[in-house]
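Student: Numbering (the working numbering), first residue to last: 121 to 222.
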Amino acid sequence: MHASLTNDSTNQVKDVKIGWSWTTFFFGFFPALFRGDWKWGLIIALIQIITGTFTWGISVSIVSIIFAIIYNKIYINDLLKQSYRPTDQTSADLLRQRGFIG
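1) In three-state DSSP terms, what is Asn127?
2) Taking DSSP as the reference, what is the three-state secondary structure of Arg216?
3) Using the C-alpha atoms, what's the distance from Ile170 back to Tyr191?
4) Do His122 and Val136 have their CB atoms nearer than 8 Å?
5) So, at 7 Å on beta carbons, what are the nonlocal neighbours of Leu215 in its own chain, with the 5 sequence-adjacent residues on each side left out?
6) By how many angstroms is the C-alpha of Ser184 removed from the C-alpha of Phe145?
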């Protein structure tokens, strides 16, 4: 499921996916960097590097699974904090149904 968010001040529109992030699962921190989400891209990369170092890379898969579950939710919440609002009623209903907005 996708929702569309618009920034009130810049009129920038972002299409966001709600739910499991396949791109984060397969590519780790790169999707966050491509979205311009430098903070979470670095956090994911550091966690993968630190945990991977101590487990010979085994935990990188576990970290990818965890962030595949939670990253899209984190990204949407960060956008909402940055003055992004649903572009249309369908997006608003979807975000309300999933608990992002009240």
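Even glycine gets a Cβ: it sits at the ideal position worked out from N, Cα and C.
The model shown is predicted, which means the values in this text are computed figures rather than measured ones.
Tutor: So, from the data block:
1) strand
2) helix
3) 19 Å
4) yes
5) If we look at Leu215 and ignore the five residues flanking it on each side, its Cβ neighbours are Ala123, Pro206, Ile221.
6) 5 Å
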